[in-house]
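Trainee: By the count of the UniProt record's numbering, the sequence shown reaches residue 92 at its end, each step adding exactly one.
Cβ atoms here follow ideal geometry from the backbone N, Cα and C, with glycine treated the same way.
Values in this document were obtained by computation on a predicted structure and should not be read as measured data.
Here it is, the structure in full.
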Amino acid sequence: MTVATARHILVDTEAQCNELKQQIEAGADFGDLAKQHSSCPSGAQGGDLGEFGPGMMVAEFDKVVFSAPVNTVQGPVKTDFGFHLLEVTSRT
C-alpha cells in the first residue's frame with residue numbers, strides 16, 4: 001500500500017491561501033507560516049500530518065497527496081474545512 005507524509009496550512013479564504021503560497025515561493029518557511037496562520041491543530045507542528053494512506057484524509061486532499069510531486073507546494077485545495085496549501089514530504 002502507498003503511504004505518504006505531508007504537511008499543510010489550513011486557512012479560511014482562497015485569497016489568504018494564495019498569499020501564503022506566494023510567500024513560500026519567495027522563500028518563506030512553510031513550517032513557520034503553518035505555525036503562524038494555520039487553523040488546524042497540526043499548525044503547532046509546522047503543519048505536519050504524519051504518515052497516512054489513501055482514504056484516511058478527505059477525497060480532495062487524497063487526490064493531491066497521492067499524485068503531486070514530492071516537495072512541491074500545491075494549492076489552494078478547497079475542502080469542507082477551508083483552503084489548504086499542501087506539501088507532500090514523502091511517498092512510498
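Report the rounded CA-to-CA distance for residue 20 versus residue 2, giving the unit in angstroms.
Mentor: Rounded to the nearest angstrom, the gap between the Cα atoms of residue 20 and residue 2 is 29 Å.
Trainee: Are the C-beta atoms of residue 83 and some chain B residue less than 8 Å apart?
Mentor: Annotation note: the requested chain B is absent from the structure, which comprises a single protein chain.
Trainee: Considering only residues of the UniProt domain "PpiC" (1 to 90), which uninterrupted beta strand (DSSP E) runs meet the minimum length of 3 residues and lie entirely inside it, listed in chain order?
Mentor: Correct list: 4 to 11, 48 to 52, 73 to 79.
Trainee: Would you tell me roughly how many angstroms separate the C-alpha atoms of residue 86 and residue 64, rounded to the nearest one?
Mentor: 8 Å
Trainee: Identify, in the order they occur along the chain, each residue of the same chain with its Cβ nearer than 6 Å to the Cβ of residue 69, setting aside the five sequence neighbours on each side.
Mentor: none
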